[in-house]
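Taken in order, the sequence shown gives residues 1 to 217; the numbers are from the numbering used here.
Ideal Cβ placement from N, Cα and C applies to all residues, glycine included.
Since this is a predicted model, take the numbers as computed values, not measurements.
For reference, the structure is listed below as structure tokens.
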Amino acid sequence: MKILIADDHALFREGMHHIVSQLGDKVDILDAGNFSEAMEIAGNNPDIDLALLDLKMPGSNGMDSVRLFHSNHPRIPLVVVSGTDYRSDIEHVMNNGAMGFVSKASNSKDMLQALRIVMGGGIYLPPQLLQHALVGMEDSRKDGRSWRVNRFGLTARQMEVLRHLTKGLSNKDIAQAIGLAEGTVKIHVAAIFQALRVNNRSEAARTALSLNLVADR
Numbered sequence: 001m002k003i004l005i006a007d008d009h010a011l012f013r014e015g016m017h018h019i020v021s022q023l024g025d026k027v028d029i030l031d032a033g034n035f036s037e038a039m040e041i042a043g044n045n046p047d048i049d050l051a052l053l054d055l056k057m058p059g060s061n062g063m064d065s066v067r068l069f070h071s072n073h074p075r076i077p078l079v080v081v082s083g084t085d086y087r088s089d090i091e092h093v094m095n096n097g098a099m100g101f102v103s104k105a106s107n108s109k110d111m112l113q114a115l116r117i118v119m120g121g122g123i124y125l126p127p128q129l130l131q132h133a134l135v136g137m138e139d140s141r142k143d144g145r146s147w148r149v150n151r152f153g154l155t156a157r158q159m160e161v162l163r164h165l166t167k168g169l170s171n172k173d174i175a176q177a178i179g180l181a182e183g184t185v186k187i188h189v190a191a192i193f194q195a196l197r198v199n200n201r202s203e204a205a206r207t208a209l210s211l212n213l214v215a216d217r
């Protein structure tokens, strides 16, 4: 297992070493103190299993850097680790290729859970940030129906995303099918995972079918 940690604070990277080392018996950790170094390391190590990227470090241009990293290394699952929790930042990060967004205020248990979910093919946002990001995403309707949830805690929009997910559609395909930004779809998928208590798309599909949330494919 090979993991890239890109952050300009050595103390934070050392703390992440301790967390990341718990992901497996043998974990090769690559350190980068700036964005240019992170890009170089990723270019020299196409077999990286996961990249953790800070938004604010030397050489980084925030969202543009997330987009640049993903466009150059689309096969590397990317998690942004940041001190910010602005809804706009979360949406932009997810829309530019990230599979997870983790606050630096997270504890080690939550951080480890996030990394495992993303490495398993899932999408992760901390519960408090997820709810914050979802505000305003549903269609605004005076009767409030868009925010009414079923007994599983899913809104009508999330049920729509779930139906497409069980058909095997990618986030990009779902976004095109229902007219949403891909990052918004990712955030809804993260909400679905949390509501159904699953960690990835296949588990979500199986659970949805077993609970008769959607028709059998």
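Contact check, residue i vs residue j, beta carbons under 9 Å
| i | j | result |
| --- | --- | --- |
| Ser82 | Val102 | yes |
| Leu180 | Leu213 | no |
| Leu78 | Ala114 | no |
| Ile178 | Ala133 | no |
| Leu53 | Ala38 | yes |
| Val168 | Ala195 | Note on identity: in this sequence residue 168 is Gly, with Val being the wrong assignment. Their beta carbons are not under 9 Å apart, which means Gly168 does not touch Ala195 by this criterion. |
| Met94 | Gly15 | no |
| Leu219 | Thr166 | Because the chain spans 1 through 217 in this model, residue 219 falls outside it and cannot be assessed. |
| Leu121 | Ser21 | Note on identity: in this sequence residue 121 is Gly, with Leu being the wrong assignment. No. Outside cutoff. |
| Arg75 | Pro46 | yes |
Contacts around residue i, its chain only, beta-carbon distance under 7 Å, and the 5 residues preceding and following it disregarded
| i | result |
| --- | --- |
| Val198 | Ala204, Thr207 |
| Asp49 | Met1, Lys2, Ile3, Met119 |
| Ile41 | Leu4, Leu30, Ala32 |
| Ala190 | Ile123, Tyr124, Leu125, Leu130 |
| Arg13 | Ile5, Asp7, Asp31 |
| Val185 | Val161, Asn171, Ile174, Ala175 |
Residue i - DSSP class collapsed to helix/strand/coil
| i | result |
| --- | --- |
| Lys2 | strand |
| Val161 | helix |
| Leu154 | coil |
Residue i burial status per 10 Å Cβ neighbour count (16 or more: buried)
| i | result |
| --- | --- |
| Lys26 | exposed |
| Asp7 | buried |
| Gln176 | exposed |
| Asn171 | buried |
| Leu11 | exposed |
| Asn44 | exposed |
| Ser108 | exposed |
| Arg151 | exposed |
| Gln128 | exposed |
Cut-off 6 Å between Cβ atoms - residues of its own chain near residue i, not counting five sequence neighbours on either side
| i | result |
| --- | --- |
| Ser60 | Phe35 |
| Thr84 | none |
| Ser220 | Because the chain spans 1 through 217 in this model, residue 220 falls outside it and cannot be assessed. |
8 Å CB neighbourhood of residue i in its chain, flanking five on each side removed
| i | result |
| --- | --- |
| Thr71 | In the sequence as presented, Thr is not what sits at residue 71; that position holds Ser. Gly97. |
| His164 | Asp173, Ile174, Ala177, Ile178 |
| Leu23 | Met1, Ile3, Leu112, Leu115, Arg116, Met119 |
Which ranges does the alpha helix (DSSP H) cover as unbroken runs of at least 4 residues, wholly within the region 66 to 109, from first to last along the chain?
-> 87 to 95
Mind pulling the alpha helix (DSSP H) runs of 4 or more residues that sit fully within the region 26 to 64?
-> 35 to 44
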